[in-house]
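S.K.:
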């Protein structure tokens, strides 16, 4: 069974620090990797996607992908209280390219 | 406004009743998905559709029925609601060219 694993948290980070969120996946054929942010009571919102090994930066967010080790991470620089949310990792499986496989999410708390 | 909408946003129904959750998207995306989200389970795929008149089961389809006569609409019906179907339901869509999914605002369903 294809799986995506995340630490459920909560992960507590001081305001202004770097928050690091990690995700591992089991399907070696996975090609596309996504990070969604979900505020309490709201729907998931796509914030980053990455397809190639290495880093991808977008503002304060950096996604990192290492296919050999089968992990993908999200770094949030200069963390703000508004970054407090649950972050969902999603991966498309090689054998299931019509759907995403979802992690259970990591709850991030940014402390002022 | 363009996007993906769901109705109703909140619904309370009784055990045994039929209830239909609506999903409408204006992007002309081919793929549409229904998820449920419960504490401790994350997002679980109920049904998906690759195009009008093409639907298939996801991870947890029992007790649910879908149809897709038009590209923009993807209703989800609970034929005889049970308390275990109390959940938050999200509809999502994506186009053919990429894997990222975009979510509607969700429907919070309570079955009493």
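Protein chains in written order, with my numbering: chain A, 1316 to 1427; chain B, -6 to 105. By construction, the Cβ of each residue, glycine as well, lies at the ideal position given by its N, Cα and C atoms. Remember, predicted model here, so these are calculated numbers, not experimental data.
#1: Any beta carbon of chain B sitting closer than 8 Å to that of residue 1326 (chain A)?
#2: With 16 other CB atoms within 10 Å as the buried threshold, where does residue 1359 (chain A) fall?
#3: So, does the CB of residue 1419 (chain A) fall closer than 8 Å to a CB anywhere in chain B?
#4: I'd like the ranges of any beta strand (DSSP E) spanning at least 3 consecutive residues and lying wholly in the stretch 1341 to 1414 of chain A.
#5: Would you say residue 69 (chain B) reaches chain A, if we count a Cβ-Cβ gap shorter than 8 Å as a contact?
#6: Could you say which of B:-3, B:1 and B:-4 lies nearest to residue 102 (chain B) if we only look at CA atoms?
#7: Return the residue from the list A:1406, A:1421 and A:1424 that minimises the CA-CA distance to residue 1343 (chain A).
#8: Does the stretch 1316 to 1334 of chain A come close enough to the stretch 5 to 12 of chain B to have 3 or more Cβ pairs within less than 8 Å?
#9: Spell out whether any CB of chain B is found under 8 Å from the CB atom of residue 1407 (chain A).
#10: Which same chain residues end up closer than 7 Å to residue 1419 (chain A) when comparing Cβ atoms and leaving out the 5 residues on each side of it in sequence?
#11: Express the C-alpha separation of residue 40 (chain B) and residue 1388 (chain A) in angstroms, rounding to a whole number.
#12: Quick one: what's got a C-beta closer than 7 Å to residue 51 (chain B)'s C-beta in the same chain, skipping five residues either side?
#13: Could you tell me which residues DSSP puts in a beta bridge with residue 1329 (chain A)?
#14: On the DSSP bridge list, what partners appear for residue 1417 (chain A)?
M.R.: Quick look at the numbers:
#1: At a cut-off of 8 Å between beta-carbon atoms, residue 1326 (chain A) makes no contact with chain B.
#2: Under the 10 Å beta carbon count, residue 1359 (chain A) is surrounded by 16 or more other beta carbons and is classified as buried.
#3: Among the CB atoms of chain B, one or more fall inside 8 Å of the CB of residue 1419 (chain A).
#4: Within the stretch 1341 to 1414 of chain A, the complete beta strand (DSSP E) runs of at least 3 residues are 1347 to 1353, 1360 to 1365, 1369 to 1373, 1376 to 1381, 1386 to 1391 and 1400 to 1408.
#5: With its beta carbon at least 8 Å from every one in chain A, residue 69 (chain B) lies outside the interface.
#6: Check the Cα spacing between residue 102 (chain B) and each of B:-3, B:1 and B:-4: the tightest is with B:1.
#7: Selected option, being the one with the closest Cα: A:1406.
#8: Not touching, per the Cβ criterion.
#9: By this cut-off, residue 1407 (chain A) is an interface position.
#10: Excluding residues within five positions, the ones whose Cβ falls inside 7 Å are 1321 and 1323.
#11: Distance between the alpha carbons of residue 1388 (chain A) and residue 40 (chain B) is about 29 Å.
#12: If we look at residue 51 (chain B) and ignore the five residues flanking it on each side, its Cβ neighbours are 38, 39, 40 and 41.
#13: Within the DSSP secondary-structure output, residue 1329 (chain A) pairs in a beta bridge with A:1426.
#14: When beta bridges are read from the DSSP output, residue 1417 (chain A) appears opposite A:1405.
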